[in-house]
Structures are given as structure tokens and as C-alpha cells.
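Asker: Can you read through this structure? Questions will come right after.
Numbering (my numbering), first residue to last: 315 to 479.
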């Protein structure tokens, strides 16, 4: 009735394969913002001015661009902008969720990030400019990396920081 089967008998059935859970992306926008797990430096011509643990309680890395003190700040890996804002400590900041257990945090940006929350960014995309907002004594970007919600030293885990200081 009206296209709905009311009565009938199944004559036979065959299960050819067990069902599997999977993510299927349909359409033109298939970039899910999943990072590679391989991180790039957040600035060009990087120099570390304060390494992880350079003073008590400091669990980030302070980077400058050796040749452009107000240079670009770039996404260290592909991901999605999870949060952006301003705090007294970090100044203008951005948090990128890489959807692989990692999140990266970029602090002291010159201006608030112009990209919207939930925007997909790719490794190397410009997310802001080096600044000195918040608790900063000179222009730099504070880069933090969280693995499963815990701060980790990016230089010992994912980046080769040898010779940058």
C-alpha cells in the first residue's frame, strides 16, 4: 500500500561480507583536516629563543624568524582551527586540532586570527603574523604541542630542532 510492502515471504538471502564501519567522504570538499603527524616549524627561518623548559613551568617553544621579526606564522600540520581568542598570557592565539591525537597552539600573534573556527588549514598555511601580544617582551610565537591533551616537547617528539638555538 502506497509503496510499502505489507505481506510477503523471503525466498532466500546470502551474506556476502560482514558490515564494516568506515568514513565515506562524498562531494567536492573531502578535506577532513587530518594531520600527517609530521610537524613543520611555525615560522620561516626559525630560531629558538626559549626552548621547552627554559624556565620553570615553561612547556612550549618560543620561535622567531631570523630575518623578519613580524613574519608569517604557519600551521605546523594540516588540521582544523578549533579555537582562537585572546588571553593575558598568550595574547592573540590559535589552536589547531590535527584530528590524530595532536593539537598545536600558537601564541602572541600580532592580530587576532582572521580565519574562522572550523576552517581547515593545511601544513604551511598562514594563520597569522609574529607578534608580542599578551605576556611577551619581544616579537615571537610561542608554539605548544599537545598529545592526547598533554603538553609535550615538540623538539624531542616530532621536530628536528638541532641547531636552531
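Where a beta carbon is used, it is the ideal one built from N, C-alpha and C, also for glycine.
Is residue 351 buried or exposed, if buried means 16 or more other CB atoms sit within 10 Å of its CB?
Answerer: Position 37 of the chain shown holds residue 351. With fewer than 16 other Cβ atoms within 10 Å, it is exposed.
Asker: Would you say the segment 420-435 touches the segment 376-396, given that touching needs at least three Cβ pairs under 8 Å?
Answerer: A contact exists between the segment 420-435 and the segment 376-396.
Asker: Using the Cβ count rule (16 or more neighbours within 10 Å means buried), how would you classify residue 347?
Answerer: Counted from its first residue, the chain shown places residue 347 at position 33. It is buried - the Cβ of residue 347 has at least 16 other Cβ atoms within 10 Å.
Asker: Is DSSP giving residue 471 helix, strand or coil here?
Answerer: Reading the chain shown from its first residue, position 157 is the one you call residue 471. Correct three-state label for residue 471: helix.
Asker: Contact defined as beta carbons within less than 8 Å: I believe residue 445 pairs with residue 478. What is the distance between those atoms, to the nearest angstrom?
Answerer: In the chain shown, residue 445 corresponds to position 131, counting from 1. In the chain shown, residue 478 corresponds to position 164, counting from 1. 20 Å between Cβ atoms; not a contact.
Asker: Round the Cβ separation of residue 441 and residue 429 to the nearest angstrom and send it over; I've been treating them as touching at under 8 Å.
Answerer: Start at 1 with the first residue of the chain shown, and residue 441 comes out as number 127. Start at 1 with the first residue of the chain shown, and residue 429 comes out as number 115. Their Cβ separation, rounded to whole angstroms, is 6 Å, which keeps residue 441 and residue 429 in contact under 8 Å.
Asker: Who are the near neighbours of residue 385 in its chain, counting only those whose CB is closer than 8 Å to its CB and skipping five residues on each side?
Answerer: By 1-based counting over the chain shown, the position of residue 385 is 71. So the list reads 357, 358, 359, 379, 443 and 444, once near-sequence residues are dropped.
Asker: Give me whichever residues DSSP pairs with residue 405 in a beta bridge.
Answerer: To locate residue 405, count along the chain shown from 1; it is residue 91. Looking at the DSSP assignment, residue 405 forms a beta bridge with 401.
Asker: Just how far apart, CA to CA, sit residue 414 and residue 349?
Answerer: Along the chain shown, one-based indexing puts residue 414 at 100. Along the chain shown, one-based indexing puts residue 349 at 35. So the alpha carbons of these two residues sit roughly 6 Å apart.
Asker: If you drop the 5 nearest sequence neighbours on each side, which residues of the same chain put their C-beta closer than 6 Å to that of residue 396?
Answerer: To locate residue 396, count along the chain shown from 1; it is residue 82. Answer for residue 396: 409 and 411, listed in chain order.
Asker: Please report the distance separating the alpha-carbon of residue 321 from that of residue 353.
Answerer: Position 7 of the chain shown, counting from 1, holds the residue named residue 321. Position 39 of the chain shown, counting from 1, holds the residue named residue 353. Looking at the two C-alpha atoms, the distance is approximately 60 Å.
Asker: Grouping DSSP H, G and I as helix and E and B as strand, with all else coil, what is residue 330?
Answerer: On the chain shown, residue 330 is found 16 positions in, with the first residue counted as 1. Looking at residue 330 - three-state DSSP - the assignment turns out to be coil, as it is neither helix nor strand.
Asker: Given that a residue counts as buried once 16 or more other Cβ atoms are within 10 Å of its Cβ, and exposed if not, what is residue 326?
Answerer: Working through the chain shown from its first residue, we reach residue 326 at position 12. Counting Cβ neighbours within 10 Å, residue 326 comes out exposed, since fewer than 16 surround it.
Asker: Helix, strand or coil for residue 432, going by three-state DSSP, please let me know.
Answerer: Numbered from its first residue, the chain shown carries residue 432 at position 118. In this structure, residue 432 counts as coil in the three-state DSSP scheme.
Asker: Report the start-end ranges of each beta strand (DSSP E) in the segment 441-466 that is 3 residues or longer and not cut off at the edges.
Answerer: Counting whole runs of 3 or more residues, the segment 441-466 contains the beta strand (DSSP E) stretches 455-461 and 464-466.
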